[in-house]
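Single-structure report; data block below.
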Amino acid sequence: MTTLVTLKTTDVRSRIEPDLKDRASEVLAECGLNLSDAIRLFLRQVVAQQGLPFEVKTPNAITIAAMRDARSIGNAKFGSAQELFDDLEKAASPKARKSAKKQRQGKAIP
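Numbering (the working numbering), first residue to last: 77 to 186.
Okay, structure coming up:
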């Protein structure tokens, strides 16, 4: 004989945009979950990990500058491959520049 255990539950309410709810519900349905299941899973992970189950960061000034530089790389235009290599060498460390120069000259790199 199987005994069913009924757990007490409580309602949790949250106000979200209708579009967000619809899109999230579609994604979750593909995983075989509904919103209640997903919220329950999320809250269990919060408890298990004693915090958010994912990393949340606010980038510092150095990271913001690096992200800005990374985005601008796609905007760079070069008239030739040599211009590209020259630009890369300018950005490289002195040791990397020396190594690249030796490679171009056909010398062995220590």
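By construction, the Cβ of each residue, glycine as well, lies at the ideal position given by its N, Cα and C atoms.
Since the structure is predicted, the reported quantities are computational estimates derived from the model, not experimental observations.
The three-state reading of DSSP puts residue 148 in helix, counting H, G and I together. When the Cα atoms are used, residue 158 and residue 151 turn out to be separated by approximately 17 angstroms.
Runs of the alpha helix (DSSP H) lying entirely within the region 98-160 and spanning at least 4 residues, in chain order: 111-125 and 137-149.
8 angstroms or more divides the Cβ of residue 128 from the Cβ of residue 114.
By a beta-carbon distance limit of 8 angstroms, residue 111 contacts residue 101. Their separation comes to about 6 angstroms. When only Cα atoms are considered, residue 138 and residue 122 end up about 30 angstroms apart. The criterion of a C-beta distance shorter than 8 angstroms is not satisfied by residue 167 and residue 176. DSSP places residue 179 in the helix class (H, G or I) of the three-state scheme.
In the three-state scheme derived from DSSP, where H, G and I count as helix and E and B as strand, residue 165 is classed as helix.
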